[in-house]
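Notes to accompany the following structure.
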Amino acid sequence: MTDAARFEAFVREYQDMVFGVALRLLANAAEAEDVSQTVFLKAFERFAEIGESPAVAGWLKTVATNTCLNHLSRYRARWRLFSELQRDDASEGEPLEAVLMAPVPATVDVDMEAGDRQQRLECALQRLPDHQRVPLVLYHFEDKSYQDIAALLNVSLAKVKTDIHRGREALRKALTTDHGPA
Amino acid sequence: MDPRETDDAVHRALRALPPPRAPHTLLPRVMAAVAQQQNAMPARPAPRTWAAWPVLWQVASIAALLLLSTGIFLVWPAVWTVVRSYSATAWSFAAPRVLNLAAGVSAVATLGSIVWNVFLQPIVGYVMVWILLMSVACTAFGAALGRVALGGASQS
Numbered sequence: 011m012t013d014a015a016r017f018e019a020f021v022r023e024y025q026d027m028v029f030g031v032a033l034r035l036l037a038n039a040a041e042a043e044d045v046s047q048t049v050f051l052k053a054f055e056r057f058a059e060i061g062e063s064p065a066v067a068g069w070l071k072t073v074a075t076n077t078c079l080n081h082l083s084r085y086r087a088r089w090r091l092f093s094e095l096q097r098d099d100a101s102e103g104e105p106l107e108a109v110l111m112a113p114v115p116a117t118v119d120v121d122m123e124a125g126d127r128q129q130r131l132e133c134a135l136q137r138l139p140d141h142q143r144v145p146l147v148l149y150h151f152e153d154k155s156y157q158d159i160a161a162l163l164n165v166s167l168a169k170v171k172t173d174i175h176r177g178r179e180a181l182r183k184a185l186t187t188d189h190g191p192a
Numbered sequence: 008m009d010p011r012e013t014d015d016a017v018h019r020a021l022r023a024l025p026p027p028r029a030p031h032t033l034l035p036r037v038m039a040a041v042a043q044q045q046n047a048m049p050a051r052p053a054p055r056t057w058a059a060w061p062v063l064w065q066v067a068s069i070a071a072l073l074l075l076s077t078g079i080f081l082v083w084p085a086v087w088t089v090v091r092s093y094s095a096t097a098w099s100f101a102a103p104r105v106l107n108l109a110a111g112v113s114a115v116a117t118l119g120s121i122v123w124n125v126f127l128q129p130i131v132g133y134v135m136v137w138i139l140l141m142s143v144a145c146t147a148f149g150a151a152l153g154r155v156a157l158g159g160a161s162q163s
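Residue numbers (the numbering used here), protein chains in the order written: chain A, 11 to 192; chain B, 8 to 163.
Structure follows, in structure tokens:
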């Protein structure tokens, strides 16, 4: 098997995992795809070292997480200045749960209760603001401790706990509030 | 509901979410980017040690080294004699010019010293204060810009 074929098999095996980490952290499919490509290019540069390593999944997750955090702090904050600030002003005063309870896009399995519930939760997660969603994802999906998250995000431990608590509350409301027909 | 139960319920619900699937476009994108990267940086052949050279090249390199050493050993005394004679001639030719150049440099240095003492020294203090004030203003502006535009605001 050639190196290119081996690397293609490698990407095929781990692409869902890397994309999943990026999508949960960034809540944007296009940006998650860009970040995933960056992560795999980094992996390609070190493929001789990591290709056969049993720790490669952990390495990929770490690189994906760091690349996402870097992306969020470097690019999205600048973009926010020109776009989201206006939106934030416009939605000022609107309760977060109202935003979370907004109708979700219809899908094939929207009539299935479990599927609907999961879709609502996924949608609610993606609608959380960055500063709540990122620590929440790191805690619940990446199994990071509060201290690790505080160190990763360069914020205080208290802020991490507060943001995760508020994010959970918002998700809990999204899960428990009765909703009308989609 | 107990807050811990709430946390556990949210945790279970989140962990039960199906993992996102990568889009079909990701794999071709990655492979295309890898191919582009490989084309941009053509692979250089790995350097080979002398022991890995073909025997013919090894023999030739030893012969070339011996030839070079012998040539240097035989020719060096004659070269050294020529170099010594030329260096003596060159120094006798260049010495007066070097002295003239040194005198010129000394004159320019004296002129520079006079200009400094008369024109620049009285105002250097004010210029330094002005530079300091401008630096402080730029730093404050940069910090404010970073806070508002480049991410500081999103941390709050």
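C-beta: ideal position from N, C-alpha, C; glycine also.
Leaving aside the five residues that flank A:Leu70 on each side, the residues in its chain whose CB is nearer than 6 angstroms to its CB run, in chain order, Tyr24, Val28.
Annotated as proximal: A:Asp26 and B:Arg28, with beta-carbon spacing under 9 angstroms. Interface criterion not met: the Cβ of B:Ala85 is under 9 angstroms from no Cβ in chain A. Around the beta-carbon of A:Asp140, 16 or more other beta-carbon atoms lie within 10 Å, marking it buried. The shortest C-alpha to C-alpha distance from A:Ala42 to any of A:Tyr156, A:Ala180, A:Asn80, A:His175 is the one to A:Asn80. Using a Cβ-Cβ cut-off of 9 angstroms, B:Arg11 does not count as an interface residue toward chain A, since no Cβ of chain A sits closer than that to its own. Residue A:Arg143 holds the alpha-carbon nearest to the alpha-carbon of A:Arg176 among A:Tyr156, A:Arg143, A:Leu82.
If you look at B:Trp87, you'll find it in the alpha helix (DSSP H) that goes 62-122. For B:Asn46, the enclosing alpha helix (DSSP H) has its first and last residue at 33-47. Taking a beta-carbon distance threshold of 9 angstroms, B:Leu33 counts as an interface residue toward chain A. With respect to chain B, the C-beta atom of A:Val28 has a partner C-beta closer than 9 angstroms. In the displayed model, A:Glu152 falls within coil according to three-state DSSP, outside both helix and strand. For B:Ile130, there is no enclosing alpha helix (DSSP H), as DSSP gives it neither H nor E. The three-state reading of DSSP puts A:Val165 in coil, since its state is none of H, G, I, E or B. A:Gly61 carries a coil assignment under DSSP once its states are collapsed to helix, strand and coil. By the rule that beta-carbons nearer than 9 angstroms mark a contact, A:Arg22 touches chain B.
The three-state reading of DSSP puts A:Ala32 in helix, counting H, G and I together. DSSP, read as helix, strand or coil, puts B:Thr56 in coil. Annotation: the continuous alpha helix (DSSP H) that includes A:Thr72 extends over 66-81. Going by DSSP, A:Leu51 is part of the alpha helix (DSSP H) stretching over 39-55. Between A:Ala32 and A:Ala74, the C-beta gap is smaller than 9 angstroms, which places the two residues in contact. Taking a cut-off of 8 angstroms for Cβ pairs, the segment 9-19 of chain B and the segment 164-183 of chain A touch, as three or more such pairs fall below it.
The Cβ of A:Gln157 sits no closer than 9 angstroms to any Cβ of chain B. One alpha carbon belongs to A:Ala160, the other to A:Ala168, and they sit about 9 angstroms apart.
DSSP, read as helix, strand or coil, puts A:Leu135 in helix. Annotation: Cβ neighbours of B:Ala20 in chain A (cutoff 7 angstroms, chain order): Leu131, Leu185. Note that the segment 45-65 of chain A does not touch the segment 149-165 of chain A; fewer than 3 beta-carbon pairs, one per stretch, sit closer than 8 angstroms.
The DSSP-derived three-state label of A:Thr172 is helix. For B:Arg91, not one C-beta of chain A is nearer than 9 angstroms to its own C-beta. Between B:Ala40 and A:Gln128, the beta carbon gap of about 33 angstroms keeps them out of contact (Cβ cut-off 8 angstroms). B:Pro27 carries a coil assignment under DSSP once its states are collapsed to helix, strand and coil. Taking every protein chain shown into account, the CB of B:Leu75 has fewer than 16 other CB atoms within 10 angstroms, so this residue is exposed. In the three-state reduction of the DSSP assignment, A:Thr12 falls in the coil class, being assigned neither a helical nor a strand state.
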